[in-house]
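Peer 1: Attaching a single structure in structure tokens format; questions to follow.
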Amino acid sequence: MGVDYDIVVIGGGSGGLVVAGAAAQLNAKVALVEKDRLGGDCLWYGCVPSKSLIHASRVAYEVKNSQRFGVHTNNYSINFSQAMDHVKNVIAAIEPHDSPQRFEGLGVEVIFGSGKFINSDVFEVNGQKLKARAFVIATGSRPNIPNISGLKETGYLTNEEVFSLTNNPESLAIIGAGPIGCELGQSFHRLGTKVTLINSGSHLLPKEDPEAADVIEKQFLEEGIEIIKNARANKVEKIGNKKHLWANEQEIIVDEILVCTGRSPNVESLNLEAAGVEYDKKGININDKLQTTTNSKIYACGDVIGGYQFTHVASHEAVTIITNALFLPINKVSYDVIPWTTFTDPELARVGLTEAQAKEKYGNNIYVLKQDFSEVDRAQAEGATQGFAKIIVKENGEILGAHLVGKSAGELIHEIVLAMSNNLKVSALSGIHVYPTLSEVNSKAALLLRKRKFSQNKGLQNILSKFFAIRRSLG
Ligand SMILES: Cc1cc2nc3c(=O)[nH]c(=O)nc-3n(C[C@H](O)[C@H](O)[C@H](O)COP(=O)(O)OP(=O)(O)OC[C@H]3O[C@@H](n4cnc5c(N)ncnc54)[C@H](O)[C@@H]3O)c2cc1C
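The opening residue of the sequence shown carries number 33 in the working numbering; numbering runs sequentially from there.
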């Protein structure tokens, strides 16, 4: 029996748009079902607005602290609503790239509505039954809301509301100090809000190298952000026009609460049971070809499968799916070299294993090459001396992981990503670099392996000493 579509994509965000657009350009018949607006979290509530707000807040910080460069600004003030206009303008500038018109122009049939599977071959939306050779679920995730007494009644913000504010709250408690909590916390603080970050663990950014996360914490404390660690918010109450929040025994009184406590996959409304697709609270279960484990013609990618919840990972997974779903399921998704960045100031970028993970896997046969930004001349010139590059390598120079915390770390990590993706040894990073640039932090770190090996090689040192002594004696 024939089918109407080669592929039906459910969810028009970072992952779904890549699959739909590429499949249509290959002349496949594609339907894209979206319940809200094309663009997904990244465009409306995630990467784009957060990075735009971060930029505005960074400008505010630079202006406020410009005296150290001899630049004095009079009447320094922040207009929060104009900063938010910048956020809206950036979204508006990027939106056409994700617009229904653009995708329809590529040949995608865009259907707005929230549908459900009625069996493993048919997805129904607005009464229309879509029968396809393959389906892709790319419905993303939503904020996970912890079960805190009084939170719902008191009211709170998540990333879905925070970018619509036109006035910044005077004070803001942020529950959760992962990447979203830290990025937004620093931005709001720099734009004039008194921020308290509540963190259940002992480190901000718990998934990151602790030493790198400490640099961010130090910066936050210097800027005046209050951090409450090892504490869980357990009760919230509205008293008068203030929100009272208790974290362990401590009472925090604020105007607003922002919840940044992880993500939940958007699976509930899809009637996955009818299609025989299994999922748990982390997301849809998939195999290494990104087929759902229990129905090989239904694929899934992006936040809805849990794992690395980033836009570039959703696209990376989408690219794997295109071949598998349209032609033959032969491509395995590779997570060997996945970089990401937390866009605080300084930025914290990472790829590969942490020092602790590398030690666990390879014992003491690893070298940790750590280069501080304070020894990079360009960092001195720009007054951006906090942070370091830490590259973890095997004895033979194979790169296992890298952690950069410092100015533009999110840009600087790519040199290492390229080296890792192409199985280049760390020595590849020590080649010529423009002076003075921040990227010298990578070449200097890479050189440390050679220096360390030389300092451990007493035999070679002796031979060289003798060689130079003889040559001097010969004149
Ligand atoms: C504040 C914040 C900042 C972030 N910053 C970054 C960053 O700097 N860099 C980065 O790489 N990542 C960042 N992320 C993560 C990034 O936004 C996500 O990883 C990415 O959007 C996931 O893509 P996706 O395709 O899985 O989901 P999405 O892009 O969210 O797309 C899912 C789509 O499915 C639709 N949908 C949901 N349910 C249904 C349904 N039942 N039927 C039809 N359609 C449905 C949704 O409306 C949405 O359009 C950030 C996230 C947040 C919250």
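Cβ atoms here follow ideal geometry from the backbone N, Cα and C, with glycine treated the same way.
Would you say the beta carbon of His446 comes nearer than 6 Å to a heavy atom of ligand 3?
Peer 2: This structure lacks ligand 3; the ligands present are ligand 1.
Peer 1: Here's the rule: buried if 16 or more other CB atoms are within 10 angstroms of the residue's CB, otherwise exposed. What is Asn231?
Peer 2: So Asn231 counts as buried.
Peer 1: Less than 7 Å between the beta carbons of Ile42 and Ala55, yes or no?
Peer 2: No; because the gap between Cβ atoms is not below 7 Å, this pair is not in contact.
Peer 1: From the DSSP output, read off the bridge partner residues of Phe155.
Peer 2: Paired residues: Phe149 and Leu162.
Peer 1: Based on Cα-Cα distance, which residue from Ala88, Ser89, Leu290 and Gln282 lies nearest to Val194?
Peer 2: If we check each option's Cα against that of Val194, Leu290 comes out closest.
Peer 1: Enumerate in chain order the residues of its own chain whose CB-to-CB distance from Gly508 is below 6 Å, with the five nearest sequence positions on each side excluded.
Peer 2: Residue 508 is absent from the structure shown; the chain starts at 33 and stops at 507.
Peer 1: Between the Cα of Asn158 and the Cα atoms of Val142, Lys321, Leu138 and Gly338, which residue gives the shortest distance?
Peer 2: Ranking Val142, Lys321, Leu138 and Gly338 by Cα distance to Asn158 puts Val142 first.
Peer 1: Say the cut is 6 Å; is the CB of Gly315 nearer than that to a heavy atom of ligand 1?
Peer 2: Not so, every heavy atom of ligand 1 lies at least 6 Å from the Cβ.
Peer 1: Would you be able to state if there are at least three C-beta pairs under 8 Å between the stretch 355-372 and the stretch 198-209?
Peer 2: With the cut-off at 8 Å, the stretch 198-209 and the stretch 355-372 do not touch.
Peer 1: As a quick exercise: from Leu436, Gly182, Leu302 and Phe342, pick the residue whose alpha carbon is nearest that of Glu66.
Peer 2: Answer by Cα proximity: Leu302.
Peer 1: Exposed or buried, which one is Glu288 when buried takes at least 16 other CB atoms within 10 Å?
Peer 2: Glu288 is buried by the Cβ-count criterion.
Peer 1: Do Phe405 and Gly438 count as a contact pair if the criterion is CB distance below 7 Å?
Peer 2: Result yes, Cβ atoms of Gly438 and Phe405 sit closer than 7 Å.
Peer 1: Give the single residue among Ala88, Gly137 and Tyr93 whose Cα lies nearest to the Cα of Ser113.
Peer 2: Considering only alpha carbons, the answer is Ala88.
Peer 1: Is it true that the CB of Val140 sits closer than 7 Å to the CB of Val62?
Peer 2: Yes; because the gap between Cβ atoms is below 7 Å, this pair is in contact.
Peer 1: CB-CB under 7 Å to Gln341, same chain, minus the five flanking residues each way: which ones, in chain order?
Peer 2: Within the same chain, Gln341 has close Cβ partners Ser173, Arg295 and Asp335.
Peer 1: Per DSSP, what kind of secondary structure is His235 in: helix, strand or coil?
Peer 2: Of the three classes helix, strand and coil, the one that applies to His235 here is coil, per DSSP.
Peer 1: Could you have a look at Ser296 and say whether DSSP puts it in helix, strand or coil?
Peer 2: It is a strand residue.
Peer 1: Do Ile271 and Ala307 have their CB atoms nearer than 7 Å?
Peer 2: For Ile271 and Ala307, no; Cβs fall outside 7 Å.
Peer 1: Can you determine whether any heavy atom of ligand 1 sits closer than 6 Å to the C-beta of Ser301, and answer yes or no?
Peer 2: Result yes, Cβ under 6 Å from ligand 1.
Peer 1: Quick check: Leu401 and Leu481, are their CB atoms within less than 7 Å of each other?
Peer 2: Their beta carbons are under 7 Å apart, which means Leu401 touches Leu481 by this criterion.
Peer 1: Indicate the three-state DSSP secondary structure (helix, strand or coil) for Thr186 in the structure shown.
Peer 2: Thr186 falls in the helix class under three-state DSSP.
Peer 1: For Leu64, tell me which candidate among Leu75, Ile180, Ala166 and Asn111 has the shortest Cα-Cα distance.
Peer 2: Among Leu75, Ile180, Ala166 and Asn111, the Cα nearest to that of Leu64 belongs to Ala166.
Peer 1: Between Lys426, Ile260 and Leu358, which has its C-alpha nearest Val452's C-alpha?
Peer 2: Note on identity: in this sequence residue 452 is Met, with Val being the wrong assignment. The shortest C-alpha separation from Met452 is found at Lys426.
Peer 1: Grab me the residues of Lys314's own chain with a C-beta within less than 6 Å of its C-beta, minus the 5 sequence neighbours each way, in chain order.
Peer 2: Gly338, listed in sequence order.
Peer 1: Based on the DSSP output, what are the partners of Ile431 in its beta bridges?
Peer 2: Beta-bridge pairing links Ile431 to Val425.
Peer 1: Evaluate contact between the stretch 439-451 and the stretch 416-423, counting only Cβ atoms and requiring at least three cross-stretch pairs below 8 Å.
Peer 2: Judged by Cβ distances under 8 Å, the stretch 439-451 makes contact with the stretch 416-423, as three or more pairs qualify.
Peer 1: What are the residues that DSSP puts in a beta bridge with Glu407?
Peer 2: According to DSSP, Glu407 bridges with nothing at all.
Peer 1: Is it the case that the stretch 176-183 contacts the stretch 83-103, given that we only count it when at least three CB pairs across the two stretches are under 8 Å?
Peer 2: Judged by Cβ distances under 8 Å, the stretch 83-103 makes no contact with the stretch 176-183, as fewer than three pairs qualify.
Peer 1: Identify, in the order they occur along the chain, each residue of the same chain with its Cβ nearer than 6 Å to the Cβ of Ala209, setting aside the five sequence neighbours on each side.
Peer 2: Within the same chain, Ala209 has close Cβ partners Leu229, Asn231 and Leu236.
Peer 1: Please confirm whether any heavy atom of ligand 1 lies closer than 6 Å to the CB of Cys79.
Peer 2: Result yes, Cβ under 6 Å from ligand 1.
Peer 1: Could you tell me which uninterrupted beta strand (DSSP E) segments, each at least 3 residues in length, are contained entirely in the stretch 254-318, listed from first to last along the chain?
Peer 2: Counting only runs of 3 or more, we get 258-260, 265-271, 274-279, 282-286, 288-291 and 295-297.
Peer 1: Among Ala115, Ile285 and Ala265, which residue has its Cα nearest to the Cα of Lys274?
Peer 2: Nearest C-alpha to Lys274: Ile285.
Peer 1: When the Cα atoms are used, what is the spatial distance from Glu156 to Thr325?
Peer 2: Each residue's alpha carbon lies about 22 Å from the other.
Peer 1: Go through its chain and collect everything with a Cβ distance to Asp241's Cβ below 6 Å, but skip five positions before and after it.
Peer 2: So the qualifying residues of the chain are Thr386 and His435.
Peer 1: Note down the Cα distance separating Ile123 from Asp117, rounded to an integer number of angstroms.
Peer 2: Straight-line Cα distance between these residues: approximately 10 Å.
Peer 1: Between Glu192, Glu349, Pro211 and Thr376, which lies nearest to Asn319 when the distance is taken from Cα to Cα?
Peer 2: Closest option to Asn319, Cα to Cα, is Glu349.
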